[in-house]
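Numbering-wise, the numbering used here puts 155 at position 133 of the sequence shown, and it's gapless, one number per residue. Note that CB positions come from ideal geometry on N, CA and C, so glycine has one too. Owing to the predicted nature of the structure, the values given are computational and were not obtained by experimental measurement. Notes to accompany the following structure.
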Amino acid sequence: MLNAPTMILASTFSPSMLPREGSSFGVAFERLSLSEIRKALRAGLWASAVGRPEVADHMSRALQMPVPVARRRVQLAADTRLFVLNPRLRTDLWGELDRELDDLQFHCFEVRSVSDGTATNRNVKAPTMNHENFDEIFYLIGNAGERLVPCVITSRKCGERGYHVMPPGKGNDVSSATITLDPRAVVEAVVLRGMSVRCKPDTDERAPPSAISLGKRSAPRYWLRPDLHDWVKGARIAPSTAAFA
Numbered sequence: 023m024l025n026a027p028t029m030i031l032a033s034t035f036s037p038s039m040l041p042r043e044g045s046s047f048g049v050a051f052e053r054l055s056l057s058e059i060r061k062a063l064r065a066g067l068w069a070s071a072v073g074r075p076e077v078a079d080h081m082s083r084a085l086q087m088p089v090p091v092a093r094r095r096v097q098l099a100a101d102t103r104l105f106v107l108n109p110r111l112r113t114d115l116w117g118e119l120d121r122e123l124d125d126l127q128f129h130c131f132e133v134r135s136v137s138d139g140t141a142t143n144r145n146v147k148a149p150t151m152n153h154e155n156f157d158e159i160f161y162l163i164g165n166a167g168e169r170l171v172p173c174v175i176t177s178r179k180c181g182e183r184g185y186h187v188m189p190p191g192k193g194n195d196v197s198s199a200t201i202t203l204d205p206r207a208v209v210e211a212v213v214l215r216g217m218s219v220r221c222k223p224d225t226d227e228r229a230p231p232s233a234i235s236l237g238k239r240s241a242p243r244y245w246l247r248p249d250l251h252d253w254v255k256g257a258r259i260a261p262s263t264a265a266f267a
């Protein structure tokens, strides 16, 4: 059981890795460089673990130290702070190990365990930092039944990365977009306020992102993880009960 400030390297991270009770997710969008991570790990300040053997091997070589494969659930003691790092690794660039990882930025978010064993819905946020696992939380369902998943995009104007949420009727014009990495902000904007968000169909990773809003023309339905339904309480359109379109 972890009972001190701990940092974990995670190639993938899902809510199933943590106990449901007693944990609240506070997203902290810090970016840490590889050299900062290496120094901290060597100083023994943080633990490290990843869920996929090939990523663990890759990170071990990059960090020049063992990175174990973690397959068990992470248990947190009361009043513990856990920082999860999500490295964006492109497998097609793994052959250029040094160049790729010298420039690698780690997205960091924080999980806090609470001492009373409960977590209020107000504090619970989905532990996601990128489009690779957003579909475990929320997606729009197109007229053909395809899943349309919000994706992280780098703004050409300011260089900021995040989900691009826009007023309806703007098409793919991102000049008026609000950029956020907060999953709840995306869901509330799309479902409660009728905004559009840049999405990709899960059937074609190469498809360019396009602005999708909840409506009959493009996406008449949406799916939201059942334990997060309070996010859209009072919405005109209720979440679909099907986990897959």
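Backbone CA spacing between residue i and residue j [nearest angstrom]
i: Arg239; j: Ala229; result: 19 Å
i: Asn165; j: Asp204; result: 27 Å
i: Leu119; j: Pro189; result: Caution is warranted here: a pLDDT of 46 is assigned to Leu119, below 50, making its placement in the model unreliable, and the coordinate value is therefore given only provisionally. Straight-line Cα distance between these residues: approximately 41 Å.
i: Val254; j: Arg83; result: 44 Å
i: Ala207; j: Ala260; result: 17 Å
i: Gly237; j: Gly181; result: 30 Å
i: Pro223; j: Leu250; result: 22 Å
i: Leu256; j: Asp79; result: First, the amino acid is wrong: residue 256 is Gly here, not Leu. Spanning the two alpha carbons is a distance of roughly 47 Å.
i: Asp252; j: Arg183; result: 27 Å
i: Val146; j: Val209; result: Residue confidence is low: Val146 scores 37 on pLDDT, short of 50, so the model does not pin down where it sits. No coordinate-derived value is stated.
i: Val171; j: Ala199; result: 17 Å
i: Glu227; j: Arg258; result: 30 Å
i: Pro231; j: Arg220; result: 6 Å
i: Thr176; j: Val187; result: 13 Å
i: Gly167; j: Phe156; result: 18 Å
i: Thr225; j: Arg169; result: 8 Å
i: Tyr185; j: Gly191; result: 17 Å
i: Arg178; j: Pro248; result: 35 Å
i: Tyr161; j: Cys173; result: 10 Å
Cβ-Cβ separation, residue j to residue i (assumed contact under 8 Å), whole Å
i: Ile163; j: Ser262; result: 6 Å
C-beta contact flag for residue i and residue j at 8 Å
i: Ser218; j: Ile201; result: no
Those residues which DSSP pairs with residue i across a bridge
i: Ile163; result: Arg169, Arg243
i: Leu236; result: Ala241
i: Met188; result: Ser218
i: Arg206; result: Its beta-bridge partners do not exist; DSSP assigns none.
i: Val254; result: Val254 is not bridged to any residue.
i: Pro223; result: Leu170
i: Thr176; result: Arg183
i: Ile259; result: None, per the DSSP bridge assignment.
Worksheet item: Between the region 242-252 and the region 207-215, do at least 3 Cβ pairs fall closer than 8 Å?
Response: yes
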